[in-house]
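See below for the structure under consideration.
In my numbering, the protein residues as written are 34 to 900.
Right, dumping it as structure tokens:
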């Protein structure tokens with residue numbers, strides 16, 4: 034039954050998308066424009082050829098890369114002229130943006146061919162302008178960056194037939210913008226001369242805004258900084274600006290912006306656990322940090338040093354090794370800045386929420402070759418659940434050293450100390466999502482003992498070394514070590530609900546400890562080269578990892594039951610019934626290769642393969658026994674992207690993943706790894722330079738799942754299979770000046786297709802069939818109310834099965850968030866309302882005894898100051 038569906042998916046791509054873009058008069062050859070300051074939209078384009086033979090050769094003549102043979106900088110009375118010499122400037126497009134004090138111009142359809150190499154850099158050019166760099170950003174784009182000393186430079190673009198492109202640059206002070214005075218040596222004068230071109234300027238508007246809600250590039254898809262439109266797989270990115278506007282205080286809060294993602298473990302913002310588990314496309318997801326696994330607690334609750342969050346949807350073992358097929362979450366942390374930046378932030382809210390954060394960055398020497406960043410924060414929060422309190426201290430220092438123009442070293446560390454009083458354990462389904470003859474269980478009911486405390490400490494340390502051998506070849510080496518300590522005492526754990534439906538039986542757990550160390554090392558060689566007219570970007574890498582379970586111990590005791598409707602706390606734990614103490618280690622080695630192939634400027638391939646080998650040892654310290662497992666796996670990946678015009682990408686891909694299984698069957702054979710297999714087709718559209726959309730159709734299955742052996746009691750076999758099919762639509766960016774949008778819709782059909790333990794056709798748990806999210810803000814752009822903004826968010830999650838047996842459902846819910854903020858210079862004040870109408874809902878369920886309520890109405894006030 035799998036093949037017809039996959040055939041249907043690919044025919045949808047051919048039958049819907051291709052005819053759409055073959056219709057005469059709808060799309061255009063953007064290359065015929067003179068000079069454009071943003072990517073062309075669907076409404077201002079010229080017709081494409083409808084001849085199938087012309088499509089693959091579309092714009093071959095016009096798409097010949099324009100050569101920039103010289104870059105010059107001339108001083109003017111206002112600042113500088115940056116001249117890019119070429120005789121074919123009419124074929125170029127300019128896309129501009131800014132990041133901090135950096136003016137950035139991406140010059141499309143061009144490459145540097147300089148006598149001194151394919152990179153230009155010059156420093157200390159004029160008062161208020163510190164650096165100009167020009168590099169080959171990719172095989173079809175030059176990136177020009179101009180850095181202002183105390184503010185964003187003001188730039189005008191001239192198209193000179195005699196010389197090429199001329200960027201006339203003035204500092205913020207020279208243009209009349211407010212800028213601190215800079216003392217100039219008495220013996221130094223600025224040459225007075227007119228602009229190099231003498232032509233009338235072309236309008237070039239730079240607002241000083243960041244990329245905003247639209248992020249054009251991501252590293253999760255290829256381990257390289259590749260435009261999202263060139264990656265044949267769905268990737269969703271939550272930028273830092275969305276996190277700021279929503280004032281998220283935990284990773285799980287941020288993840289509600291991922292279309293179709295649900296929390297699957299006891300890791301919501303309100304539970305006080307160290308990390309959060311999630312599902313996407315029906316299956317468990319994985320978390321990494323800056324492209325590297327971090328062992329346990331990879332996605333810890335604190336978010337103060339998160340720059341953005343990337344989710345590569347579907348299998349990703351080719352790039353990141355073993356993992357579940359749902360998707361891979363890549364948390365990108367904040368990095369040092371070249372210019373001084375200091376920010377403080379304070380937040381107060383109901384439920385005794387208060388949080389403070391500090392973000393410091395800048396250079397440590399005059400040459401700005403040594404940079405630092407320091408983020409630290411403290412959070413205190415109480416849930417509506419009785420007796421609960423969560424406290425988190427976090428600090429993350431980063432140091433970057435530019436050893437030379439081609440070599441840099443970054444040292445990173447972070448430390449999280451989390452303490453929870455009476456961490457949440459959930460509530461039974463009967464009395465929350467199912468009827469209970471005794472009535473409804475109060476959602477603030479605590480089922481443990483109030484003297485229960487747990488604590489988690491996570492420390493990380495690592496480095497990243499980057500070296501540029503030449504303009505086309507580079508090397509990257511990274512390492513991190515994670516140390517995780519977690520313990521608690523006196524936990525009353527639910528094990529059954531008695532016939533009266535009000536008495537909850539519990540088991541006591543005391544002296545529980547989990548101590549883990551994880552080490553990860555990776556090395557990548559990245560090269561760009563051509564074979565004839567075909568361009569390649571090759572990635573070859575090796576990674577090593579080791580995880581040591583230093584200690585995992587616990588003692589089980591008898592515990593008195595508790596009345597859910599009239600609890601009596603302070604009951605002593607009874608005699609010891611069982612205990613465990615174990616340790617172990619796992620070693621993995623992965624070798625991978627990837628080639629991003631540009632057959633033409635509008636037809637691209639992505640080819641990849643990876644081989645992994647792993648071995649693990651587990652020791653039962655009490656029984657003094659030891660067991661070992663090993664496994665090998667090869668994982669392929671293939672994708673194709675066709676771009677009839679630059680803003681539109683049609684793609685199709687095939688990818689796989691693997692997860693090792695431990696143990697043997699009745700005959701002593703080692704179990705094979707679980708396998709994830711995904712077929713995906715879709716379309717990505719840059720509707721404008723600030724607004725992008727992705728529509729994806731996928732068929733994802735997981736096989737080799739362990740299930741009961743019907744012929745041998747207490748043994749398992751590997752015939753289990755689950756599959757998910759669905760559609761996802763996401764949209765992010767700026768619709769109009771000041772109006773930003775981030776949202777999407779997901780349809781997911783996820784069920785069991787082969788199993789001996791559960792009925793075939795059962796729905797996968799914690800996976801809604803329908804879900805959508807929308808967050809939008811508007812900021813007044815001018816006038817006396819400039820800087821005042823408003824935001825509103827809507828989040829819908831359909832009903833979900835609470836377990837694989839499908840014995841109960843979590844009901845659907847619809848929540849509303851809102852925000853009002855005001856920016857005035859360096860000051861920003863903000864008020865956020867979460868679950869504005871105080872809707873009772875349920876985030877997730879682990880089983881019928883542990884259903885977790887969602888967060889109630891919350892109001893947060895935040896004030897921040899940048900200086």
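Every residue gets a Cβ at the ideal spot worked out from N, C-alpha and C, and that includes glycine.
Smallest Cα separation from residue 820: which of 564, 621, 862 and 833? Sequence index remark: in the chain shown, residue 820 carries index 787 (1-based). Checking every option, the nearest Cα to that of residue 820 belongs to 862.
Is the Cβ-Cβ distance between residue 553 and residue 513 less than 7 Å? What you label residue 553 is simply residue 520 of the chain shown in a count that begins at 1. What you label residue 513 is simply residue 480 of the chain shown in a count that begins at 1. The criterion of a C-beta distance shorter than 7 Å is satisfied by residue 553 and residue 513.
For residue 489 and residue 677, I'd like the C-alpha separation in whole angstroms. Your numbering for residue 489 matches position 456 in the chain shown. Your numbering for residue 677 matches position 644 in the chain shown. The C-alpha of residue 489 lies about 52 Å from the C-alpha of residue 677.
What does the Cβ neighbour count give for residue 473, buried or exposed, with the cut at 16 atoms within 10 Å? On the chain shown, position 440 is the one that residue 473 refers to. Counting every other CB atom within 10 Å of its CB across the protein chains shown gives residue 473 a total below 16, marking it as exposed.
Mind checking which residues open and close the alpha helix (DSSP H) that includes residue 274? Position 241 of the chain shown, counted from the start, is the residue given in the question as residue 274. Element bounds for residue 274: 273-279.
Would you identify the three-state DSSP class for residue 314, choosing helix, strand or coil? Within the chain shown, numbered from 1, the residue matching residue 314 stands at position 281. Reduced to three states, the DSSP call for residue 314 is coil.
With which residues is residue 415 paired in a DSSP beta bridge? As a working mapping, residue 415 is identified with position 382 in the chain shown. Bridge partners of residue 415: none, in fact.
Which residues does DSSP list as the beta-bridge partners of residue 326? Here residue 326 refers to the residue found at position 293 when the chain shown is read from its first residue. Partner(s): none; residue 326 has no beta bridge.
Please tell me whether residue 723 and residue 776 are closer than 7 Å, where the distance is taken between their beta carbons. For the purposes of this step, residue 723 is taken as the residue at position 690 of the chain shown. For the purposes of this step, residue 776 is taken as the residue at position 743 of the chain shown. Remark: C-beta atoms of residue 723 and residue 776 do not approach each other more closely than 7 Å.
Below 8 Å, can you find three or more Cβ-Cβ pairs linking the segment 832-851 to the segment 795-811? By the C-beta criterion, the segment 832-851 is judged to be in contact with the segment 795-811, since at least 3 inter-stretch pairs fall below 8 Å.
According to DSSP, which residues form a beta bridge with residue 758? Along the chain shown, read from residue 1 onward, the residue named residue 758 stands at position 725. 732 and 782, per the DSSP bridge assignment.
Is the separation between the beta-carbon of residue 161 and that of residue 189 shorter than 7 Å? Taking the first residue of the chain shown as position 1, residue 161 is located at position 128. Taking the first residue of the chain shown as position 1, residue 189 is located at position 156. Between residue 161 and residue 189, the CB-CB gap reaches or exceeds 7 Å.
Leaving out five residues on either side along the sequence, give the residues of the same chain with a beta carbon under 8 Å from the beta carbon of residue 594. Counted from its first residue, the chain shown places residue 594 at position 561. So the qualifying residues of the chain are 531, 536, 537, 538 and 539.
Which of the three DSSP states, helix, strand or coil, is assigned to residue 350? Counting from 1 along the chain shown, the entry for residue 350 is found at position 317. Residue state, collapsed to three classes: helix.
Proximity winner among 789, 853, 838 and 791, relative to residue 811 (alpha-carbon distances): Position 778 of the chain shown, counting from 1, holds the residue named residue 811. Looking at the Cα atoms, 853 is the closest of the given residues.
With a threshold of 6 Å on Cβ separation, who are the neighbours of residue 665 within its own chain once the five nearest residues in sequence on each side are excluded? Mapped onto the chain shown, residue 665 falls at position 632. Non-local beta-carbon contacts of residue 665 in its own chain, meaning distances under 6 Å to residues more than five positions away in sequence, involve 646 in chain order.
Within the segment 115-171, ranges of the beta strand (DSSP E) (whole runs, at least 3 residues): Runs found: 126-132, 135-141, 143-145, 152-159 and 162-171.
Mark residue 149 as exposed unless 16 or more other C-beta atoms lie within 10 angstroms of its C-beta, in which case mark it buried. Residue 149 sits at position 116 when you count from the first residue of the chain shown. Exposed, because fewer than 16 other Cβ atoms sit within 10 Å of the Cβ of residue 149.
6 Å CB neighbourhood of residue 558 in its chain, flanking five on each side removed: Residue numbering aside, residue 558 sits at position 525 when the chain shown is read from its first letter. Contacts found: 508 and 573.
If residue 325 sits next to residue 555, beta carbons under 8 Å apart, how far is it from one beta carbon to the other, in whole angstroms? Here residue 325 corresponds to residue number 292 of the chain shown, with the count starting at 1. Here residue 555 corresponds to residue number 522 of the chain shown, with the count starting at 1. That pair is a contact at about 6 Å.
Cutting at 6 Å between CB atoms, please list the residues of its own chain near residue 913, excluding the five before and the five after it. Examination of residue 913 is not possible in this model, given that the chain is present from 34 through 900 alone.
Spatial distance of residue 841 from residue 834 (CA atoms): Taking the chain shown and counting its residues from 1, one reaches residue 841 at position 808. Taking the chain shown and counting its residues from 1, one reaches residue 834 at position 801. Rounded to the nearest whole angstrom, the CA to CA distance from residue 841 to residue 834 is 6 Å.
By the 10 Å Cβ neighbour count, where 16 or more other Cβ atoms means buried, how is residue 823 classified, buried or exposed? What you label residue 823 is simply residue 790 of the chain shown in a count that begins at 1. Per the 10 Å Cβ criterion, exposed.
Selected residue, minimal CA-CA separation from residue 104, among 196, 698, 130 and 128: Start at 1 with the first residue of the chain shown, and residue 104 comes out as number 71. Ranking 196, 698, 130 and 128 by Cα distance to residue 104 puts 196 first.
Buried or exposed: which applies to residue 857, given that a residue is buried once 16 or more other Cβ atoms fall within 10 Å of its Cβ? In the chain shown, the residue the question calls residue 857 occupies position 824. It counts as exposed.
Let's test the definition: count the other Cβ atoms within 10 Å of the Cβ of residue 746 and tell me whether it reaches 16, buried, or not, exposed. Counting from one through the chain shown, the residue named residue 746 turns up at place 713. Residue 746 should be labelled exposed.
Burial state of residue 445 (16 or more Cβ within 10 Å): As a working mapping, residue 445 is identified with position 412 in the chain shown. Buried, by the Cβ-count rule.
Where residue 478 sits in the DSSP three-state scheme: Mapped onto the chain shown, residue 478 falls at position 445. The answer is coil: DSSP assigns residue 478 none of H, G, I, E or B.
Under the assumption that residue 720 contacts residue 726 (Cβ atoms under 8 Å), give the Cβ distance between them as a whole number of angstroms. Residue 720 sits at position 687 when you count from the first residue of the chain shown. Residue 726 sits at position 693 when you count from the first residue of the chain shown. Confirmed, about 6 Å.
Thinking just about the alpha-carbon of each residue, which of 876, 152, 127 and 153 is nearest to the one in residue 142? The residue labelled residue 142 in the question sits at position 109 within the chain shown. Of 876, 152, 127 and 153, the residue nearest in Cα terms is 127.
Can you tell me where the beta strand (DSSP E) holding residue 897 begins and where it ends? Here residue 897 refers to the residue found at position 864 when the chain shown is read from its first residue. Residue 897 -> beta strand (DSSP E) spans 891-899.
Can you grab the Cα-Cα spacing for the pair residue 439 / residue 156, in whole Å? Residue numbering aside, residue 439 sits at position 406 when the chain shown is read from its first letter. Residue numbering aside, residue 156 sits at position 123 when the chain shown is read from its first letter. Rounded to the nearest angstrom, the two C-alpha atoms are 16 Å apart.
Given this structure, state the Cα-to-Cα distance separating residue 888 from residue 815, to the nearest angstrom. Translated into the one-based positions of the chain shown, residue 888 becomes position 855. Translated into the one-based positions of the chain shown, residue 815 becomes position 782. Computed Cα separation, rounded: 37 Å.
Closest to residue 873 by CA distance: which of 879, 582, 849 and 380 is it? For the purposes of this step, residue 873 is taken as residue 840 along the chain shown, with counting starting at 1. Comparing Cα-Cα distances from residue 873 to each of 879, 582, 849 and 380, the minimum goes to 849.
Go to residue 174, then tell me how far its beta strand (DSSP E) extends in each direction, as first and last residue. For the purposes of this step, residue 174 is identified with residue 141 of the chain shown, where counting begins at 1. In the DSSP assignment, residue 174 falls within the unbroken beta strand (DSSP E) covering 174-181.
In terms of alpha-carbon separation, which member of 751, 734 and 736 lies closest to residue 742? Position 709 of the chain shown holds residue 742. Of the listed residues, the one whose Cα sits closest to residue 742 is 751.
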